[in-house]
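Numbering (the numbering used here), first residue to last: 57 to 178.
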């Protein structure tokens, strides 16, 4: 039920949709996690949920297509272990991950500067 005390909040939720925000970082999260250790899709979903303090629970409908795309791009490789498909970072993936982390950190710094903005004393 919408909060009728603040009708503009519904519009803000759409404007600042965390689902859209998170989906932009899904491939980066996958690359980072499989750089630490090979993982299967379900483990990736559980780790992202845990590492985000349960604020981001990517669905199988977003994780598995991202895994396929990363694999077809040569950034991760798949190995079948028992009944599970386990993914690991490739050497090309290491390069792309390092670059993506740097760009993301710079973007976060810029965004934090905007969020911390205070007018200069004149």
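Don't be surprised by glycine CBs; every beta carbon is placed ideally from N, CA and C.
By the Cβ rule, the stretch 86-105 counts as touching the stretch 140-149, because three or more pairs are nearer than 8 Å. Here DSSP, grouped into helix, strand and coil, assigns residue 131 to coil.
Pairing residue 121 with residue 175, the inter-Cα distance amounts to about 44 Å.
Taking C-beta separations shorter than 6 Å and ignoring five residues to either side along the sequence, the partners of residue 133 in its chain run 144, 146, following chain order.
Rounded to the nearest angstrom, the gap between the Cα atoms of residue 157 and residue 138 is 32 Å.
DSSP places residue 159 within a helical segment (H, G or I) once states are collapsed to three. Distance from residue 108 to residue 150 at the Cβ level is roughly 23 Å; contact not present, criterion being Cβ atoms closer than 8 Å. Membership of residue 143 in the beta strand (DSSP E) is indicated by the continuous run 140-145.
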